[in-house]
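Participant: Below you will find the structure I want to go over with you.
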Amino acid sequence: MIELKDVKVYFEESGGLFKKRVVKALDGVSMAIDEGETVLVVGESGAGKTTLGRVVLGLQKPTAGLALYKGMNIYKLRGKAYREYRRAVQWVPQDPYSSLDPSMTVYEAIAAPLRQWGSSDVDGRVAELLSLVGLKPPEFFMGKYPHQLSGGQRQRVAIARALATEPKLLVADEPVTMIDTSLRISILDVLADLKKRFGMALLFITHDLGVARYLAHRSGGGRVVVMYRGRIVESGNIEEVIAHPTSEYTKTLMEVVPDIMRPLRL
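In the numbering used here, the protein residues as written are 6 to 271.
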């Protein structure tokens, strides 16, 4: 469904008087995301994870290389093909505090994309989507504004809004980082349950290998892509990579998760 071929994203930064420094956010990244697949992109800050997600979302044109959706260049899509892509690939942001318009109620935030894509039953779909993400009863939340919700509730609204277009791929960029630790598992469970329910692909971006492993376990398996300084240093089934890491950087990521080898049970 999505394929990146030798994608490079370079930025120029000022390095002092008359000097410019080239930052290689992505430096020759090639990977694919198949329909229904869970892909977990793991790496520290500055590894290129978010830039990769933005390329897939059509928000960051590569300096070189190709980003393809069903074999078509994402950055050359027009008309019907572009509308199909925009509907098929949706985003769950990191920051639940700034991702929602403070002047819109929960109902309005979810109803907007439903109207845009021609839903015949906006009220019913808003209620259904809120229930799917665990905001029940939905009528209790519809009239609330973002400032009246907790961080976890806001992120659930953001997920519901992303689901409004019935996407084929959900890109989730560190979606639990800014949420209370006690609520993170519940958000991961929502994402995993929705992924399995609708059969959509999931591109999950995180700095935490333990979080990635848990989500893969709940999602029925997943492929991890370990990034370091704009490059992919290791990729494969997440359980196999954790059991037999080949990259020294992967081993470093494992060291900061003390119980990473602990067997997981549903």
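Glycine included, every Cβ here is placed at the ideal spot set by N, Cα and C.
#1: Quick one: complete beta strand (DSSP E) runs, 3+ long, within the segment 57-93?
#2: Provide the residue span of the alpha helix (DSSP H) that contains R272, from first to last.
#3: For P98, which residues from the same chain have a beta carbon less than 8 Å from its beta carbon, with the 5 sequence-adjacent residues on both sides left out?
#4: Does the distance from the CB of E239 to the CB of T255 come in under 8 Å?
#5: I need the boundaries of the beta strand (DSSP E) containing L119, first residue and last residue.
#6: What are the boundary residues of the alpha helix (DSSP H) that includes G257?
#7: In angstroms, rounded to a whole number, what distance separates the CA positions of L207 and P143?
#8: Measure the alpha-carbon distance for K81 versus W96 and round it to whole angstroms.
#9: Our contact map puts I243 next to A221 with C-beta atoms below 8 Å; I'd like the distance itself, whole angstroms only.
#10: How would you label A173, buried or exposed, when you count the other beta carbons within 10 angstroms and need 16 or more for buried?
#11: Which class does I38 belong to by DSSP, given the choice of helix, strand or coil?
#12: For P107, count neighbouring C-beta atoms within 10 Å of its own C-beta (all shown protein chains included) and say buried if the count is 16 or more, exposed if not.
#13: Are there 16 or more other CB atoms within 10 angstroms of the CB of V47, so buried, or fewer, so exposed?
#14: Going by CA-CA distance only, name the one from E171, K149, E42 that's closest to R88.
#15: Roughly how many angstroms lie between the CA atoms of V27 and D11, to the nearest whole one?
#16: In this structure, what does DSSP give as the bridge partners for V46?
#17: Assuming G53 contacts M259 (C-beta within less than 8 Å), just tell me the rounded distance between them.
#18: From I210 to V216, what does the alpha carbon distance come to, in whole angstroms?
#19: How close, in whole Å, do the beta carbons of L199 and L168 come, if the pair is a contact with beta carbons under 8 Å?
#20: Would you kindly work out how many angstroms separate the C-alpha atoms of Y15 and K24, rounded to a whole number?
#21: Which first and last residues belong to the alpha helix (DSSP H) in which E245 is found?
#22: What residue does the beta strand (DSSP E) around A177 start on, and which one ends it?
#23: For the alpha helix (DSSP H) that V3 lies in, which residues bound it at each end?
Facilitator: For this structure:
#1: Along the length of the segment 57-93, whole beta strand (DSSP E) runs at least 3 residues long occupy 69-74, reported in chain order.
#2: It is not possible to answer for residue 272, since the shown part of the chain is limited to 6 through 271.
#3: Correct list, in chain order: S104, A163, D178, P180.
#4: Yes.
#5: Run containing L119: none in the beta strand (DSSP E); it sits in the alpha helix (DSSP H), 111-121.
#6: Correcting the residue identity first, residue 257 is Thr in this sequence and not Gly. Note, T257: alpha helix (DSSP H), 253-260.
#7: Rounded to the nearest whole angstrom, the C-alpha separation of L207 and P143 is 25 Å.
#8: Looking at the two C-alpha atoms, the distance is approximately 20 Å.
#9: With 8 Å as the limit, I243 and A221 qualify as a contact, their Cβ atoms being about 5 Å apart.
#10: Going by the sequence as given, residue 173 is Lys instead of Ala. Sixteen is the threshold: when 16 or more other Cβ atoms of the shown chains lie within 10 Å of the Cβ of K173, as they do, the residue is buried.
#11: Three-state DSSP puts I38 in a strand.
#12: P107 should be labelled exposed.
#13: That one is buried.
#14: Shortest Cα-Cα distance from R88 to any of E171, K149, E42 involves E171.
#15: So the two alpha carbons sit approximately 18 Å from each other.
#16: Answer is I210, V230.
#17: G53 to M259, Cβ: 20 Å. No contact.
#18: Rounded to whole angstroms, I210 to V216 spans 10 Å at the Cα level.
#19: About 7 Å separates the two Cβ atoms, so the contact holds.
#20: So the two alpha carbons sit approximately 16 Å from each other.
#21: If you look at E245, you'll find it in the alpha helix (DSSP H) that goes 243-248.
#22: Taken as a continuous stretch (DSSP letters only), the beta strand (DSSP E) holding A177 covers 174-178.
#23: No statement about residue 3 is possible, as the shown extent of the chain runs from 6 to 271 and does not include it.
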